[in-house]
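Colleague: My questions will all concern the structure given below.
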Amino acid sequence: MKYEIRCSVCNKSPSSLLAYKCPSCGQPLDVELDFNFEPYKIRTGNYSGWRYEQFFPYAQERKIITLSEGWTPLVRFSDNVYVKLESANPTGSFKDRGSTVLVSALHELIEEAGGYISEDSSGNAGASMAAYAARAGLKARIYVPESVAGPKFNQIQFYGAQVTKVSGSRARVAEEAQKVERRKFYVGHILHPLFRDGIRSLAYELFEQFGWSVPERIYLPVSAGTLLLGIISGFKQLSDSGEIEALPKIVACQTRQVSPLYHLFKGLTYDPPETVTSVADALVSVKPPLLDLMVKRLKEVKGDAVMVGEDEIMEAFFELARRGFFVEPSSAVAYAGYRKQLKSNVASEENKVVIVLTGSGLKTTVKPV
Ligand SMILES: [Zn+2]
């Protein structure tokens, strides 16, 4: 067995790749890898995330659905700071790494059943999943909060996905998307383990683009935790395979309003706001279902967490843009986190650092002043 999907709590394995939670206890599933990362297996002539096809065995056995995502530029920002342009992915965000792997692995099973995919998201994941469903010729239904508007919502519709608006909380939207209906296959990006697992390619790319080494610190925005858990899984595999000596320090960056991970990780009490009004509108998970798993994994790899306020986010957003990097404010949260740790001397300018710029500025509703 090259891999096994298991419950992160009780260890039970589901009987199908389609499962999005433990059949026994309902807790999140995890993909366990039982093979090494070996650089000679990279398809060096493929300039997408699928250059690592050999390391995604469950997708490799099937027809791959791709828009040539991944292998995004790593650009030097200043002396020791690099930015990873995940905004350059086909739908404008890092989510494409998860969508391509998940849809590749599952589309034939869903087609055979005459089914359609169901997802809950008002943002980047919804747009990405809609695009990959379109590419696979699959029907998609995306459940969104009633109040949704803006470029990301338009993007979801342009890809041809059906949209169902749901009133009430974000949890209500997820509930509707998961409700059992004939021919409906729920592939929600937060819960489905294959989506998260697809993010692993980001760690491999950083390793390769850094000349077979890793930076000392990596800053990423964290909301539901797919990026965080995926990148940790990738670096852990590189370490377990003996490819890297030390793991990079992974720093989870959150907004003051949406910071459940920061608080739990630091042993503090989190009091979520009634409504999230942050300019970082992609970071909305005040009660993420993967929170316990995120804390556990971040501790295992001796990572860190940092929290930034609205002013810090906007300063980082404008600074990035004025240096040529137009990203959505949610992505600027990672740069704001770095600036904050630099000021407080937790990080130093001597550190080799990567800031993951997760999504394109064209998706923002912020107007220039
Ligand atoms: Zn379980």
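Everything in the sequence shown is counted per our numbering, starting at 118 for the first residue and increasing by one.
Ideal Cβ placement from N, Cα and C applies to all residues, glycine included.
1) Nearest by alpha-carbon distance to Ser195: which of Lys480, Tyr452, Thr281 is it?
2) Can you say whether Thr372 is buried or exposed, counting buried as having 16 or more other CB atoms within 10 angstroms of its CB?
3) Using a Cβ-Cβ cutoff of less than 7 Å, which residues in the same chain neighbour Pro222 once the five nearest sequence positions on both sides are dropped?
4) Quick check: the Cα distance between Ser318 and Val486, rounded to an integer number of angstroms?
5) Within 10 angstroms of its Cβ, does Asn241 collect 16 or more other Cβ (buried), or is it exposed?
6) Just list the alpha helix (DSSP H) runs in the segment 315–362, keeping only unbroken ones of 4 residues or longer that don't cross its boundaries, in chain order.
7) Confirm, please, whether the CB-CB distance from Val470 to Pro332 is below 9 Å.
8) Could you give the C-beta distance for Lys185 and Pro207, rounded to a whole number, given that I count them as a contact under 8 Å?
9) Does the beta-carbon of Cys127 have 16 or more other beta-carbons within 10 angstroms, so that it is buried, or is it exposed?
10) Does at least one heavy atom of ligand 1 sit under 8 Å from the Cβ of Val126?
11) From the DSSP output, in three-state form, read off Asp151 for me.
12) Let me check understanding here. Comparing Cα to Cα, which of Gly328, Val412, Ser402 lies closest to Ile367?
13) Here's the rule: buried if 16 or more other CB atoms are within 10 angstroms of the residue's CB, otherwise exposed. What is Thr482?
14) Measuring alpha carbon to alpha carbon, tell me which of Gln326, Thr183, Leu479, Leu202 ends up nearest Gly315.
15) To which residues does DSSP link Thr372 through a beta bridge?
16) Any heavy atom of ligand 1 closer than 8 Å to the Cβ of Val129?
17) Should Leu323 and Ile335 be called a contact, given that it needs their Cβ atoms to be closer than 9 Å?
18) Is it true that the segment 288–307 meets the segment 256–267, where meeting means three or more beta-carbon pairs spaced less than 8 Å apart?
19) Put Leu407 into one of helix, strand or coil per three-state DSSP.
20) Mapping DSSP to helix, strand and coil, what is Tyr120?
21) Inspect the beta-carbon positions of Gln458 and Asp421 and report whether they are closer than 9 Å.
22) For a test of your reading of the model: does the CB of Ser132 fall under 8 Å from any non-hydrogen atom of ligand 1? Yes or no.
23) Can you give me the C-alpha to C-alpha distance between Thr386 and Leu407, rounded to a whole angstrom?
24) If you reduce the DSSP assignment to three classes, tell me which class Phe173 lands in.
25) Could you spell out where the beta strand (DSSP E) holding Ala257 opens and where it closes?
26) Does the distance between the C-beta of Gly143 and the nearest non-hydrogen atom of ligand 1 fall short of 8 Å?
27) Does the structure place the segment 281–289 close enough to the segment 131–149 that three or more beta carbon pairs sit under 8 Å?
28) Find the nearest neighbour of Gly342 within the set Gly441, Ser402, Glu263, Ala136, judged by alpha-carbon distance.
29) Do Ala294 and Asp237 have their C-beta atoms closer together than 9 Å?
30) Are the beta-carbon atoms of Val444 and Gly476 separated by less than 9 Å?
Modeller: So, from the listed chains and residues:
1) Tyr452
2) buried
3) Reading the sequence as shown, one finds Ala at residue 222 and not Pro. So the qualifying residues of the chain are Leu134, Tyr175, Ala176, Arg179, Leu311.
4) It is roughly 37 Å from the alpha-carbon of Ser318 to the alpha-carbon of Val486.
5) By the C-beta density criterion, Asn241 is buried, having at least 16 other C-beta atoms within 10 angstroms.
6) 317–326, 343–357
7) yes
8) It is Ser, not Lys, that sits at residue 185 in the sequence shown. Taking a contact as a CB-CB distance under 8 Å, the pair Ser185 and Pro207 counts as one, their CB atoms being some 7 Å apart.
9) Residue environment: Cys127 is assigned as exposed (fewer than 16 neighbouring CB atoms within 10 Å of its CB, all protein chains considered).
10) yes
11) Asp151 falls in the coil class under three-state DSSP.
12) Val412
13) Flag for Thr482 reads exposed.
14) Thr183
15) According to DSSP, Thr372 bridges with Val425.
16) Here the sequence assigns Lys to residue 129, which means Val is not the residue at that position. Under cutoff, so the answer is yes.
17) yes
18) yes
19) Annotated three-state conformation of Leu407 is coil, per DSSP.
20) strand
21) yes
22) The answer is no for Ser132.
23) 17 Å
24) Phe173: coil per DSSP, three-state reduction.
25) 257–262
26) Gly143: yes, Cβ under 8 Å from ligand 1.
27) The segment 131–149, when compared against the segment 281–289, does not touch it at the 8 Å Cβ threshold.
28) For Gly342, the closest of Gly441, Ser402, Glu263, Ala136 by C-alpha to C-alpha distance is Ser402.
29) It is a contact, given that the beta carbons lie within the stated cut-off.
30) yes
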